[in-house]
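Asker:
In my numbering, the protein residues as written are 197 to 952.
#1: Please report how far the alpha carbon of residue 952 lies from the alpha carbon of residue 592, in whole angstroms.
#2: Measuring alpha carbon to alpha carbon, tell me which residue in 609, 686, 579 and 718 is nearest residue 372.
#3: Could you give the residue range of the beta strand (DSSP E) that holds residue 964?
#4: On a CA-only basis, which of 576, 603, 684 and 604 is nearest residue 595? Give me that one, please.
#5: Since residue 311 and residue 323 should fall inside the 8 Å C-beta cutoff, what is the C-beta to C-beta distance between them, to a whole number of angstroms?
#6: If we require 4 or more residues per run, which alpha helix (DSSP H) segments fall completely within the stretch 890–939?
#7: Counting C-beta neighbours from all protein chains within 10 Å, is the total for residue 839 16 or more, i.e. buried, or is it exposed?
#8: Does the stretch 279–286 come into contact with the stretch 235–255, if we say contact requires no fewer than three beta-carbon pairs (one atom in each stretch) closer than 8 Å?
#9: Rounded to a whole number of angstroms, what is the C-alpha to C-alpha distance between residue 875 and residue 780?
#10: On the criterion of 16 or more Cβ atoms from any shown chain inside 10 Å, does residue 931 qualify as buried, or is it exposed?
#11: Could you spell out the range, first to last residue, of the beta strand (DSSP E) harbouring residue 530?
#12: DSSP state of residue 330, grouped into three classes?
#13: Taking the DSSP output, what are the residues bridged to residue 956?
#14: Between the Cα of residue 343 and the Cα atoms of 427, 303, 532 and 235, which residue gives the shortest distance?
#15: Just checking, does the stretch 820–827 make contact with the stretch 781–790 on the three C-beta pairs under 8 Å criterion?
#16: Rounded to whole angstroms, how far is the Cβ of residue 850 from the Cβ of residue 826, which I believe are closer than 8 Å?
#17: What's the gap between the Cα of residue 847 and the Cα of residue 885?
#18: Would you mind stating whether residue 405 and residue 505 have Cβ atoms separated by less than 8 Å?
#19: Measure the CB-CB distance between residue 269 and residue 293 and report whether it falls below 8 Å.
#20: Assign residue 934 to one of two classes, buried (16 or more other C-beta atoms within 10 Å of its C-beta) or exposed (fewer than that).
#21: Are the Cβ atoms of residue 472 and residue 412 separated by less than 8 Å?
#22: Taking the beta strand (DSSP E) that residue 309 belongs to, which residues open and close that run?
#23: Going by beta carbon distance, what residues of the same chain come within less than 7 Å of residue 367, once the five residues before and after it are set aside?
#24: Work out the CA separation of residue 893 and residue 643 for me, nearest whole Å.
#25: Assign residue 553 to one of three DSSP states: helix, strand, or coil.
#26: Does the beta-carbon distance from residue 498 to residue 377 come in below 8 Å?
#27: Taking 8 Å as the CB-CB limit, is residue 561 close to chain D?
#28: I believe residue 528 touches residue 391 by the beta-carbon criterion, under 8 Å. Please report the beta-carbon distance rounded to the nearest angstrom.
#29: Starting from residue 620, follow the alpha helix (DSSP H) in both directions and report where the run begins and ends.
#30: Can the beta-carbon of residue 190 be found less than 8 Å from the beta-carbon of residue 397?
#31: Measure the beta-carbon distance from residue 756 to residue 701 and round it to whole angstroms, keeping in mind my assumption that it falls under 8 Å.
#32: With a 10 Å radius around its C-beta and 16 neighbouring C-beta atoms as the bar for buried, classify residue 203 as buried or exposed.
#33: Give every residue of the same chain whose Cβ lies closer than 6 Å to the Cβ of residue 698, excluding the five residues on either side of it in the sequence, and list them in chain order.
#34: Leaving out five residues before and five after residue 843 in sequence, what residues of the same chain have Cβ atoms less than 6 Å from its Cβ?
#35: Just the Cα atoms here: how many angstroms apart are residue 752 and residue 746?
#36: Please name the residue, chosen from 465, 862, 872 and 347, that lies closest to residue 887 on a Cα-to-Cα basis.
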């Protein structure tokens, strides 16, 4: 049976279009199941009727003519119930319907299963038998497997608009929706331009070389050419990027100039391998090393290595680069987009980006957010290779992709895009105004940072401090652990930039999902493994140096707050506090006038939620990490497109946990903040304000939107909304309640679309 399934799958995947795929399915399924009839009925989204689209065994002249509603016939029953139905004597069933043109009265037994894609019933796959036959579990399992195979084929056909003949007007499905992960906020309408890799390292063979010098010269020429290409592309994007984003191209140049990749390739060439084979070996080794890393940001660096490798290979092969025609409002699509691909699009023509693979942490997503280009990543089900030239709408807020959109859908998104542009202009005027409600309740808005480049962006958007400085970012960019003096200089720069406003520095948060190249950690389940405070407590020589560096950097500034990550119990918290105190005493004994910084705990695991009161007794403040806490509470990886829709910080369990933490902290008079995407969602910020969070920390780009919305409501209105929300039992219902209430207050509804 497995061999049969594999054979049919290969045949279907090789079919030129949907009719050919359906013909293969009905023919080979009938043969495999030794049945007399196999048919496919597809659901017409306009009439909601199931139309016979392919058959082997019935009269083929009835294709496109026979149809039934959801409340008609056995096919309608399968579709409406969305479950497999097996009948030994179908003609005796009350829902049996006779169609003279199909000759269906000759068939007794019936087995039908729905064709479902992303919870949507697309059609029904049916087999029938002349004599009575009791279809067994193996028969049902086989048919269900084939319907799953068919669902992807039909969804792809919807995307390209290639389904025809579903209704009398001759118009097939004109719009299809695919889900990915939001990469950069915004929406765009445009024409798809599919970009394929310029060369393929995977197919390069090993081959010995007898002229090593010639191969080295060839490789060095390729290096020079790619360096020049990167410089040209960076210059082309210069007017659209700030220096901190331009630095991403410097990363590429650094890999080509000082990185291990060129020197490793030279070493392999010198061992007797030709340049192309040496390049393949080295790139694959580097890619495998990065892909094994669980941390999403670091894993994305594998794609940077692949892109550089393919560009070098193109020059080694002297591949001619065919010019691409980029239309106005180009939606650039590739299996894995690279920053260099963005740079090749003429200025002003790039409207949106779709990366079939990749994540929110890819360099492309980072650049897209900086450039304000709507982006969707991890769109694994998108049939991207067939979309060239097709009109597409992308929604970077929700991760949706619409192919062949209807006129109504196009009008809705056109209106939304215009409103967003107007809103951006209005938000710029809020930079120097405080975040205060109409009844004068102040709630400071802080920024999340990691690089010194983030500081200017945060200050330009009115940040009143730093709620989360990710100290591990500097460690990730190094080739060894930074020395104490190097760390002091780094932290001082950040603290000085914001003084006297507070800067909350999280201690090194590495481990299973964030390994350092020079401190590798391999674990089967990194999210539940050796990470955060667990690593630094096991390595006091690293922990103490960082704590000393942070405190010494704060001398004379006194705006440092130290945040301890991944705390899951009182014992490890007490141990961590001991190290903070020890580092402080050491500096004091060395004659430094260091004030003891405020110490806080990051509440990001469920255990910490339920011990929030006990934890708050031992520290100066609490800070909720909304991203990880939501993932842990709901057991959902938000970077996985298949379950990303289940990631919902409006979930009642998440809101209840947040309320519990705030109440526990405030009972002791301790301040509590929240960082992560929830804090940067204007709608969610209304609930966070009502709960009593003392400040919100977010990506700097979201800060003006949050400030704008909170300045348009009163704290009492927010508390009333929170009270109503906590009576509901679904995140979607809570979100709908808030959106409706804000609209009724006359608040711009486009404010509450961000990151929801």
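Idealized CB from N, CA, C, for every residue including glycine.
Answerer: In brief:
#1: Residue numbering aside, residue 952 sits at position 756 when the chain shown is read from its first letter. Residue numbering aside, residue 592 sits at position 396 when the chain shown is read from its first letter. Caution is warranted here: a pLDDT of 29 is assigned to residue 952, below 50, making its placement in the model unreliable, and no coordinate value can be reported.
#2: As a first step, residue 372 must be located in the chain shown, where it is residue number 176. It is 579 whose Cα lies nearest to the Cα of residue 372.
#3: A query on residue 964 cannot be resolved here, the shown segment of the chain reaching from 197 to 952 and no further.
#4: As a position in the chain shown, residue 595 is number 399, starting the count at 1. Among 576, 603, 684 and 604, the Cα nearest to that of residue 595 is on 576.
#5: Within the chain shown, residue 311 is the residue found at index 115, counting from 1. Within the chain shown, residue 323 is the residue found at index 127, counting from 1. Between residue 323 and residue 311 the Cβ distance is about 13 Å, and since that is not below 8 Å, they are no contact.
#6: Within the stretch 890–939, the complete alpha helix (DSSP H) runs of at least 4 residues are 899–906 and 911–921.
#7: Translated into positions along the chain shown, residue 839 becomes position 643. Exposed, since its Cβ has fewer than 16 Cβ neighbours within 10 Å.
#8: The stretch 279–286, when compared against the stretch 235–255, does not touch it at the 8 Å Cβ threshold.
#9: Along the chain shown, one-based indexing puts residue 875 at 679. Along the chain shown, one-based indexing puts residue 780 at 584. Each residue's Cα considered, the two are about 32 Å apart.
#10: As a first step, residue 931 is located in the chain shown; it is residue number 735 there, counting from the start. With 16 or more Cβ atoms within 10 Å of its Cβ, residue 931 is classed as buried.
#11: Locating residue 530 in the chain shown gives position 334, counting from the first residue. 526–530 is the span of the beta strand (DSSP E), which, as asked, contains residue 530.
#12: Locating residue 330 in the chain shown gives position 134, where the first residue counts as 1. When DSSP states are grouped into helix, strand and coil, residue 330 belongs to the coil group.
#13: No answer is possible for residue 956: it lies beyond the span of the chain, which begins at 197 and ends at 952.
#14: For the purposes of this step, residue 343 is taken as residue 147 along the chain shown, with counting starting at 1. Of the candidates 427, 303, 532 and 235, the one whose C-alpha sits nearest the C-alpha of residue 343 is 235.
#15: no
#16: The count along the chain shown starts at 1 and reaches residue 850 at position 654. The count along the chain shown starts at 1 and reaches residue 826 at position 630. Between residue 826 and residue 850 the Cβ distance is about 5 Å, and since that is below 8 Å, they are a contact.
#17: Position 651 of the chain shown holds residue 847. Position 689 of the chain shown holds residue 885. The alpha-carbon atoms of residue 847 and residue 885 are separated by roughly 17 Å.
#18: Residue 405 sits at position 209 when you count from the first residue of the chain shown. Residue 505 sits at position 309 when you count from the first residue of the chain shown. No, they are not a contact pair.
#19: The sequence position of residue 269 within the chain shown is 73, counting from 1. The sequence position of residue 293 within the chain shown is 97, counting from 1. A contact, by the Cβ cut-off of 8 Å.
#20: Stepping through the chain shown from its first residue, residue 934 is reached at position 738. The residue in question, residue 934, is buried, as its Cβ has 16 or more Cβ neighbours within 10 Å.
#21: Within the chain shown, residue 472 is the residue found at index 276, counting from 1. Within the chain shown, residue 412 is the residue found at index 216, counting from 1. Here residue 472 is not near residue 412, since their CB atoms are 8 Å or more apart.
#22: Your numbering for residue 309 matches position 113 in the chain shown. Per DSSP, residue 309 belongs to the beta strand (DSSP E) from 305–313.
#23: Here residue 367 is taken as the residue at index 171 of the chain shown, counted from 1. Because the pLDDT at residue 367 is just 42, under 50, the model does not fix this residue reliably, and the value given afterwards should be weighed accordingly. Here the set comprises nothing.
#24: If you number the chain shown from 1, residue 643 lands on position 447. If you number the chain shown from 1, residue 893 lands on position 697. If you take the alpha carbons of residue 643 and residue 893, they lie about 5 Å apart.
#25: Looking up residue 553 in the chain shown gives position 357. Three-state result, residue 553: coil.
#26: Mapped onto the chain shown, residue 498 falls at position 302. Mapped onto the chain shown, residue 377 falls at position 181. No, the Cβ-Cβ distance between residue 498 and residue 377 is not below 8 Å.
#27: Here chain D cannot be found, since the structure has a single protein chain.
#28: Taking the first residue of the chain shown as 1, we reach residue 528 at position 332. Taking the first residue of the chain shown as 1, we reach residue 391 at position 195. Right, the Cβ-Cβ distance comes to about 6 Å (below 8 Å), so this counts as a contact.
#29: For the purposes of this step, residue 620 is taken as residue 424 along the chain shown, with counting starting at 1. Taken as a continuous stretch (DSSP letters only), the alpha helix (DSSP H) holding residue 620 covers 603–623.
#30: The question about residue 190 has no answer here: the residues shown for the chain are numbered 197 through 952.
#31: Along the chain shown, read from residue 1 onward, the residue named residue 756 stands at position 560. Along the chain shown, read from residue 1 onward, the residue named residue 701 stands at position 505. So it is a contact: roughly 6 Å between Cβ atoms.
#32: Position 7 of the chain shown, counting from 1, holds the residue named residue 203. Exposed: under 16 other Cβ atoms inside 10 Å.
#33: Taking the chain shown and counting its residues from 1, one reaches residue 698 at position 502. The residues are 661, 755 and 757.
#34: Counted from its first residue, the chain shown places residue 843 at position 647. Counting only Cβ-Cβ distances below 6 Å, and skipping sequence neighbours, we find 832 and 834.
#35: As a working note, residue 752 is residue 556 in the chain shown. As a working note, residue 746 is residue 550 in the chain shown. One C-alpha to the other measures close to 13 Å.
#36: Taking the first residue of the chain shown as 1, we reach residue 887 at position 691. Nearest option by C-alpha distance: 862.
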